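Sequences listed follow chains D, G and H, in order.
FYI, in our numbering the residues of the first sequence are 50 to 346.
FYI, in our numbering the residues of the second sequence are 22 to 111.
FYI, in our numbering the residues of the third sequence are 38 to 331.
Glycine included, every Cβ here is placed at the ideal spot set by N, Cα and C.
All values derive from a computational prediction rather than experimental measurement.
Below is one structure; the comments refer to it alone.
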Amino acid sequence: MTRSMPTTPDAVRKQAAAADARRRREARPVSRQWRRRGLMAAYILFVLLPIYWLLNMSFQSNSEILGALTLWPQDFTLEHYTRILTDSSWYMGYVNSIAYVVMNMLISISVALPAAYAFSRYRFIGDKHLFFWLLTNLMAPPAVFLLPYFQLYYTVGLFDTHVAVALAHCLFNIPLAVWILEGFMSGVPKEIDETAFIDGYSFPRFFVKIFIPMISSGIGVTLFFLFMFSWVELLLASTLTSTGAQPIGSVMTQTKGASGIDWGTLSAAGVLTILPGIIVVYFVRNHIAKGFALGRT
Amino acid sequence: MEWMVWTTPTAVFFAAIAAILLGMTAWELASPTVERKGFLPIATTRGDRLFIGLLSAAYIHLAVLGFTPLNLWLALGISILWLGILLRWG
Amino acid sequence: MNDKLYNNRAWWLILPMLLLVAFSAIIPLMTVVNYSVQDVFDAHTRFFTGTEWFRETLNDPALQAALLRQFAFSLTVLAIEVPLGISIALLMPRKGWQASAVLILVTMPLLIPWNVVGSIWQIFTRGDIGLMGWGLRELGYGYNITRSAADAWGTIILMDVWHWTPLIALLCYSGLRAIPDAYYQAARIDRASRWAVFRYIQLPKLTNVLVIGVLLRFMHSFMIYAEPFVLTGGGPGSSTTFLSQTLTTMAIGQQDLGPSAAFSIIYFLIILLVCWIFYTAIMNLQKDKQNKGA
Chain D
50 MTRSMPTTPD AVRKQAAAAD ARRRREARPV SRQWRRRGLM AAYILFVLLP IYWLLNMSFQ
110 SNSEILGALT LWPQDFTLEH YTRILTDSSW YMGYVNSIAY VVMNMLISIS VALPAAYAFS
170 RYRFIGDKHL FFWLLTNLMA PPAVFLLPYF QLYYTVGLFD THVAVALAHC LFNIPLAVWI
230 LEGFMSGVPK EIDETAFIDG YSFPRFFVKI FIPMISSGIG VTLFFLFMFS WVELLLASTL
290 TSTGAQPIGS VMTQTKGASG IDWGTLSAAG VLTILPGIIV VYFVRNHIAK GFALGRT
Chain G
22 MEWMVWTTPT AVFFAAIAAI LLGMTAWELA SPTVERKGFL PIATTRGDRL FIGLLSAAYI
82 HLAVLGFTPL NLWLALGISI LWLGILLRWG
Chain H
38 MNDKLYNNRA WWLILPMLLL VAFSAIIPLM TVVNYSVQDV FDAHTRFFTG TEWFRETLND
98 PALQAALLRQ FAFSLTVLAI EVPLGISIAL LMPRKGWQAS AVLILVTMPL LIPWNVVGSI
158 WQIFTRGDIG LMGWGLRELG YGYNITRSAA DAWGTIILMD VWHWTPLIAL LCYSGLRAIP
218 DAYYQAARID RASRWAVFRY IQLPKLTNVL VIGVLLRFMH SFMIYAEPFV LTGGGPGSST
278 TFLSQTLTTM AIGQQDLGPS AAFSIIYFLI ILLVCWIFYT AIMNLQKDKQ NKGA
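What follows is the structure, encoded as structure tokens:
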């Protein structure tokens, strides 16, 4: 495009205005980038403030907490953490929680993988209704099932074991796993299955050797969600256990003593429940950042 | 089983549901359904219409039970009629 | 969708999953139905009451109020969290260490056990020891969640936004990352506006993750229990008593198995209907899109 010199005042003005607009358009991204960063920072501040406050409390002695409001610990103490990490009734809560969460993840993923494969590759009688039925389990409020669960697991002799909680959490975790995995599997072209079968792979060998590696990031993301929903759920977990497999969430209710709530220990225990989550996100961050659109759009 | 506190009416209810599901499966095997558009705003298969029918039957029962003095058998009658209409023309 | 093989042997792949889910879902559901028609004291002492509990529950003003509150709450949080989540996803950095750091920070609230979330906000909003409660009072606002229903509502909604917006943001972020760069380049060549890029490139690619996000959010907001229970205990009065809490109080606290079972079934039917409508609408939208695309 050649640029001719303007000849009339009107044309000069017009060209100047056009150049101005162009410059403004080019300059905008920089200011926009700062606006983006500002907004993002504001949101992160919103996310972190309550957590910071919890952290702040956990390093203060109870007298400081109740004494005066301090924005950071004046009298830095680790007494609450030492108490939790040396008292077995406390730290066993974490062990129990992690035990049933891991069991649940293993059970859920191992039965959800073949099921999701079936949903993504085949049509069969009742497939759509079965899928919807699965989703309805995702919405079944645990409150509805509390008593029957208690009775059921008591009858089969699983009450107060890790398995009971792991199985109970299957109610919503298996459907979720099937749902997410189905999306990932639908993204894998069917030709890959067909080629493998022509090459003489048996179904189990194909599934383990070829298919699972192909959707590994999908499995990573699914495991993340399984961990998340099993780790955070406490209503079922605390109903199905008493002392042998008590999750940390119900151990924390101990902090309500006769002399009021032990805020420091409650905060420290809270901080410690956040840590496993951070570790898990750290491991799957690349899978999430790689992106998943879930299914073919 | 004792803890499940079964009663005859609920046992009959679940047996009926199971029988309907089995029957639908057999029907499906004998003559596969075709998705079609009836008076409902969406295209449905036989199974979809059954589901819509059963769900609305539940709501009909609740409405009759909660907000009218009418007999529940009437609700059952309406529901079966409505289910038939849905399956045939829905 | 049509390229799927028709093969009923696929049922064998489903079977293990089906057995496990049925064990956790169908047996308890049957028990709930059985409870709902009886007055149960224990397994041997029980009386058949027929439909009495249902009639009672449907006409119970406290439950009707809880139901209305529940819908108001769920719709409010969805209306806030979905747009906010999408915006956050658009704002999140895409590359480098900042991307990982922001991702981890944003996701953090999701991985905190629900009653701990309640505790965090309880501590945070207390007038004497909490930053927010104290700050608002210093600013001259008489903030008190144990007295004022409006404050309690606002705080619970704020807490829910804090807790769950990350889920929408996370799903959308992943959906956005799955869009190939070529799309953006084409848009740049066409000098498409920022809005046009969002409307015609990003939003269509986000539909699937948004469906999952919105459905999950609806379901979870509908059964919210632990957070408000810890934060406000349902009060002041019963202004923040949602469905799950009403139900749990009835079933565990008062041992009213029959009425709470009847109520559970009604609750379940409502969720079933809402989710079915939502699911069907979305599936039909997708089918339309595919037909147009083909």
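* Asked: Just to confirm, are G175/D and G44/G a CB contact at a threshold of 8 angstroms?
  -> no
* Label Q200/D either buried or exposed according to how many other C-beta atoms from any shown protein chain fall within 10 Å of its C-beta, with 16 as the threshold for buried. => buried
* Do T302/D and I133/D have their C-beta atoms within less than 8 angstroms of each other? -> no
* Backbone CA spacing between G271/H and T322/D [nearest angstrom] -> A direct Cα-to-Cα measurement between G271/H and T322/D gives close to 24 angstroms.
* chain G contact residues for T88/H, given Cβ-Cβ distances below 9 angstroms -> H82, L86 and L93, listed in chain order.
* Beta-carbon proximity list for V248/H, same chain, < 8 angstroms, skipping 5 on both sides -> I319
* To do: Figure out for me which residue from H81/H, I302/H, F85/H and R163/H has the closest Cα to the Cα of A189/D.
  => I302/H
* To do: Closer than 9 angstroms by beta-carbon distance: list the chain H residues that pair up with S30/G, in chain order.
  => Strictly speaking, residue 30/G in this sequence is Pro, with Ser absent from that position. Neighbours of P30/G on chain H, chain order: V74, F85 and G87.
* Checking contacts by CB at 8 angstroms: is S316/D closer than that to chain H? -> yes
* **Distance between M263/D and T244/D (C-alpha atoms, nearest Å)** => Here the C-alpha atom of T244/D lies approximately 14 angstroms from the C-alpha atom of M263/D.
* **Listed by chain order, chain D residues near A288/H by CB distance under 9 angstroms** => Per Cβ cutoff of 9 angstroms: A192, V193, L195 and L196.
* With a 10 Å radius around its C-beta and 16 neighbouring C-beta atoms as the bar for buried, classify T183/H as buried or exposed. => exposed
* Work out the CA separation of Y72/H and H81/H for me, nearest whole Å. => One C-alpha to the other measures close to 13 angstroms.
* Asked: Can you list, in chain order, the residues of its chain whose CB lies under 6 angstroms from that of R70/G, leaving out five sequence neighbours each side?
  -> Closer than 6 angstroms at Cβ, skipping near neighbours: L107, L108 and G111.
* Can you tell me which of the three DSSP states L42/H falls into? => strand
* Asked: Quick one: is S235/D buried, meaning 16 or more other Cβ sit within 10 Å of its Cβ, or exposed?
  -> With a 10 Å radius around the Cβ and a threshold of 16 neighbouring Cβ atoms, S235/D comes out buried.
* To do: Indicate the three-state DSSP secondary structure (helix, strand or coil) for K305/D in the structure shown.
  => strand
* Could you say which of L195/D, Y101/D and W228/D lies nearest to L272/D if we only look at CA atoms? => W228/D
* 8 angstroms Cβ cutoff met for T28/G and Q292/H -> no
* **Residue-chain proximity (I303/H, chain G), Cβ-Cβ < 8 angstroms** => At least one CB of chain G lies nearer than 8 angstroms to the CB of I303/H.
* Asked: At a CB-CB cut-off below 8 angstroms, which residues of chain H make contact with I183/D?
  -> In the sequence as displayed, the identity of residue 183/D is Leu instead of Ile. Within 8 angstroms Cβ-Cβ: V58.
* Got a sec: is the Cβ-Cβ distance from A331/H to anything in chain D below 8 angstroms? -> Unreliable placement is indicated for A331/H, whose pLDDT of 45 sits below 50; no coordinate value is reported for it.
* **Rounded separation between V139/H and Q159/H - CA only** => 26 angstroms
* Are V330/D and I141/H closer than 8 angstroms when you measure CB to CB? -> yes
* Alpha-carbon to alpha-carbon, F125/D and R345/D -> Caution applies to R345/D, whose pLDDT of 44 falls short of 50 and renders its modelled position unreliable; the value that the coordinates give is listed next. Distance between the alpha carbons of R345/D and F125/D: 53 angstroms.
* To do: Look at Q101/H and F279/H and say whether their C-beta atoms are less than 8 angstroms apart.
  => no
* Would the C-beta of D76/H count as close to the ligand ADP, meaning under 7 angstroms from any of its heavy atoms? -> This structure lacks the ligand ADP; in fact it carries no ligand of any kind.
* What is the DSSP secondary structure of T162/H, reduced to helix, strand or coil? -> Looking at T162/H - three-state DSSP - the assignment turns out to be helix.
* **Among V246/H, F259/H and A288/H, the one whose alpha carbon lies nearest that of A215/H** => V246/H
* Have a look at H82/G and T89/G and give me their C-alpha separation to the nearest angstrom. => 10 angstroms
* Asked: So what does DSSP say about Q64/D, is it helix, strand or coil?
  -> helix
* To do: Report the three-state DSSP secondary structure of R345/D (helix, strand or coil).
  => Caution is warranted here: a pLDDT of 44 is assigned to R345/D, below 50, making its placement in the model unreliable, and the coordinate value is therefore given only provisionally. DSSP, reduced to helix, strand and coil, places R345/D outside both helices and strands of the structure shown, so it counts as coil.
* Rounded straight-line distance, which links the Cα of G295/H to that of N45/H -> 40 angstroms
* Asked: E118/H: buried (16+ other C-beta within 10 angstroms of its C-beta) or exposed?
  -> buried
* Spatial distance of D248/D from G250/H (CA atoms) -> 39 angstroms
* Simplified DSSP assignment, three categories, for T51/D -> Confidence in T51/D is poor, its pLDDT being 45 and thus under 50, which makes the residue's placement unreliable; the coordinate value appears in the next sentence. Three-state DSSP puts T51/D in coil, outside helix and strand.
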